[in-house]
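Engineer:
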Amino acid sequence: MATDVGLVVRNPLEFYPLAGKTVVSVGAGGGQLVEYGRDARGVVAVDGDPEALGRLGDVLAAKGLAGSFELVCSDVLDVTVRGDVVLFEFSLHEMPDPERALAHAGTLAPDVVVLDHAPGSEWAWHVVEEEKVKRSAEAMSRVGVRAERLFLGEQRFADHAELLAKVSGQGPLAVERAERFRGAREILIPFGYEVALL
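Counting in the numbering used here, the sequence shown runs from 118 upward without gaps.
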């Protein structure tokens, strides 16, 4: 699977530069977008999954970024550390109550930036997250979006087996939705995402 991770990092940084800022990053455990930590003053990486934080630690060590990140295993609602900006990294749609998470984030920093799937994203549909994405977008709208930008990326897979390996953890409906690509090679699925400043 290949998403242009460099582009996914670059687009939000052009929209909202993190250089010199203390970032409270929510959902950072995957470690795919850590390059922004090179220019930040420091990053407090919050994730409720200790295994994900372990993987993040490995990625940071490999990239020479371990000294820039503090890893915190916690629910975002229990976090009290303050920063210049709270960044939700493809995590707001996973929150049980996204509006409450955003309200709490607003107590931690003057700016809240959400990087997440865009409503209507074909990729979000494939991983059966379209309703979660809609719910988080509605929460952002209620809290108040100061500025936002939409982007279109691509999820690429060599074949159906590679796609299936990626989506099968999302359950039987995701497997069923991937079935249309059975026998296909060089699969490309549009990946709509957005960055919003609240």
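Where is the CB? At the ideal position from N, CA and C, for every residue including glycine. Here the structure is a predicted model, which means the values were calculated and not measured.
Restricting to Cα atoms, I'd like to know which of L290, E271, V284 and L314 is closest to E303.
Structural biologist: Closest by alpha carbon: E271.
Engineer: Who are F308's beta bridge partners in DSSP?
Structural biologist: In DSSP, F308 forms a bridge with G270.
Engineer: So the alpha helix (DSSP H) H210 belongs to, where does it begin and stop?
Structural biologist: No alpha helix (DSSP H) holds H210; DSSP gives it neither H nor E.
Engineer: Just tell me which of P307, G159 and A222 has its CA closest to the CA of L269.
Structural biologist: Of P307, G159 and A222, the residue nearest in Cα terms is P307.
Engineer: Buried or exposed: where does E206 fall if 16 or more other Cβ atoms within 10 Å of its Cβ makes it buried?
Structural biologist: It counts as buried.
Engineer: On the three-state DSSP scale, how would you describe R263?
Structural biologist: Coil.
Engineer: Taking the straight line between their C-alpha atoms, what separation do you get for G146 and A218?
Structural biologist: Rounded to whole angstroms, G146 to A218 spans 17 Å at the Cα level.
Engineer: Buried or exposed: D175, going by 16 or more other Cβ atoms within 10 Å of its Cβ?
Structural biologist: By the 10 Å Cβ count, D175 comes out exposed.
Engineer: Using only the alpha-carbon positions, how far apart do L280 and E246 sit?
Structural biologist: Approximately 16 Å, taken between the alpha carbons.
Engineer: Just grab the DSSP bridge partners of A162 for me.
Structural biologist: Paired residues: S142 and L188.
Engineer: By the DSSP assignment, the alpha helix (DSSP H) with D175 in it spans what residues?
Structural biologist: Here the alpha helix (DSSP H) through D175 covers P167 to K180.
Engineer: With C-beta atoms as the reference, is E239 less than 9 Å away from L267?
Structural biologist: Contact: no.
Engineer: Mind reading off the beta-carbon distance from P215 to R158? Whole number of angstroms is fine, and I expect it under 8 Å.
Structural biologist: Their Cβ separation, rounded to whole angstroms, is 27 Å, which puts P215 and R158 out of contact at 8 Å.
Engineer: On the three-state DSSP scale, how would you describe A291?
Structural biologist: A291: helix per DSSP, three-state reduction.
Engineer: Identify, in the order they occur along the chain, each residue of the same chain with its Cβ nearer than 7 Å to the Cβ of P167, setting aside the five sequence neighbours on each side.
Structural biologist: So the qualifying residues of the chain are C190.
Engineer: Could you tell me if L135 is buried or exposed, where buried requires 16 or more neighbouring beta carbons within 10 angstroms of its beta carbon?
Structural biologist: Classification for L135: buried.
Engineer: Measuring only the C-alpha atoms, how far is G184 from V141?
Structural biologist: Approximately 15 Å, taken between the alpha carbons.
Engineer: Can you give me the C-alpha to C-alpha distance between G223 and A295, rounded to a whole angstrom?
Structural biologist: Cα to Cα, G223 sits roughly 38 Å from A295.
Engineer: Given a cut-off of 9 Å on the beta-carbon distance, is the pair G200 and K138 in contact?
Structural biologist: For G200 and K138, yes; Cβs fall inside 9 Å.
Engineer: In the DSSP assignment, find the beta strand (DSSP E) that holds V229 and state where it starts and stops.
Structural biologist: Counting along the chain, the beta strand (DSSP E) containing V229 begins and ends at D228 to H234.
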